[in-house]
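Throughout, my numbering is defined as the position within the sequence shown, counted from one, plus 15.
Glycine included, C-beta positions come from ideal geometry on N, C-alpha and C.
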Amino acid sequence: MKLRKALPVLLATLTLSACDWIDGIYSEPVLDREYDLIVGLLAPDSLRTHPHEIFVGRIAPNLNARRPPAGLDTQINRQLNGMRNQYTCDVFGRDDAQVRVRGADGQEVVFTSVGNGFYRDVQNALNVRHRETYHLEVRYGGKALYGVTTVPDRVRIQSPRHNDTLNLFVSPQTQGVWFNIDWHPVLGAMMYRHFLKHEVFDETFRIYSFLPRRKTFVIMAERQHNLVSLQYHAMDSNYTKVYQPWVDDADASTGFSTDPVEQPNWSMWHREQSTKRITERSTIIGSADVVGVFGSYSEARLSFVIRRL
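Quick look at the structure:
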């Protein structure tokens, strides 16, 4: 990772590169065999710009793995890329499954195959709400597979607000401007993921934490007015169980960091995650030959301006 590109947005007291995390921790470079794969990640209706999708397919070891198929859902695409990158495997879709999701109110929606292993709620009929539980059922080839998730509560960022202008002085030590992000705990969330993007730079800086607490940042504010975008995810335990930050997008120019207060627990969690086989991190039940995740997340997005004084 180029140091210059790692600097636009930094966690004030600690920054780590993805390579630092991988060394000595990354322990399952390839799959032991082929597995069927199911990936579904629900988000509340208020956050989505497209119908929900579920991916059904398989993964197979391949040291020259190709990029997996992609659908409309960015988070599912990220997860498929992550599995391909972490386990050095090909990802193939299958289009002969029966897929349905049932909500807490008894609503049941059948998802339609749209090709390459993606099944879509083409009528956008499924009502997904915060703090409600949803059940996935997938059938094919005599198998019946299941998943269940409870969607986390709303993400409430206390400050800054959307379209705020923060008037800040440039630090003589860093030549950057310091600011805080405060938010409330999210019921039902296990891990928090932040994407911070500065308009001047072409990469996103990712920050991960388990604790909902104030985060202090410094931005290299090269303009008088600097537009900053924040995307904040609160992930349920299923999504957290299968997730791996450093193989998320395979983007070496994208930095990530963690909260220094959480550093010991975070390091231990990552070491445990990386030593688990893919079957141990699966939340799909019904067969020993099937892996994957049926999880959910909540999200908030905002943009604000930092004005240099």
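Exposed unless 16 or more other CB atoms sit within 10 angstroms - verdict on ASP111: exposed
Assuming ARG135 and PRO66 make a contact with CB atoms under 8 Å, what is their CB distance in whole Å? 5 Å
Return yes when the Cβ of PHE309 is within less than 7 Å of the Cβ of GLY55, no when it is not. yes
When the Cα atoms are used, what is the spatial distance from THR164 to ASP251? 8 Å
Throw me the rounded Cβ distance for the VAL170 and SER313 pair, which I believe falls under 8 Å. 5 Å
Going by the beta-carbon positions, is the gap between ILE53 and GLY307 smaller than 7 Å? yes
Between the region 88 to 99 and the region 113 to 129, are three or more C-beta pairs nearer than 8 Å? no
Rank ARG322, LEU151, ARG73 and LEU141 by C-alpha distance to the C-alpha of GLY132 and give the top, closest one. ARG73
Which whole-angstrom value describes the C-beta separation of ASN253 and THR298, a residue pair presumed to lie in contact below a C-beta threshold of 8 Å? 4 Å
Mind listing, in chain order, the continuous beta strand (DSSP E) runs of no fewer than 3 residues lying wholly within the region 122 to 169? 123 to 130, 133 to 135, 148 to 155 and 158 to 165
Range covered by the beta strand (DSSP E) that runs through GLN173: 172 to 174
Nearest-angstrom Cα distance between LEU57 and VAL143? 7 Å
From LEU62 to CYS104, what does the alpha carbon distance come to, in whole angstroms? 31 Å
What does the alpha-carbon distance come out to for the pair LEU202 and SER244? 24 Å
Might you give, ordered along the chain, the residues of its own chain that have their beta carbon closer than 6 Å to the beta carbon of GLN113, omitting 5 neighbours on each side? ARG154
In its own chain, which residues sit with a C-beta less than 8 Å from the C-beta of ARG322, not counting the 5 before and 5 after it? THR180, LEU181, ASN182, LEU183, GLN239, HIS240 and ASN241
Residue span of the alpha helix (DSSP H) that contains SER252, given as start and end: 252 to 257
Does DSSP put ASP60 in a helix, a strand or coil? helix
For the alpha helix (DSSP H) holding LEU46, just list the boundary residues, first then last. It is not in any alpha helix (DSSP H) - LEU46 carries neither H nor E in the DSSP assignment.
To the nearest angstrom, how far is the alpha carbon of GLY130 from that of VAL137? 13 Å
With a threshold of 16 other CB atoms inside 10 Å of the CB of THR255, please say whether the residue is buried or exposed. buried
How would you write the range of the beta strand (DSSP E) that LEU181 sits in, first residue to last? 180 to 183
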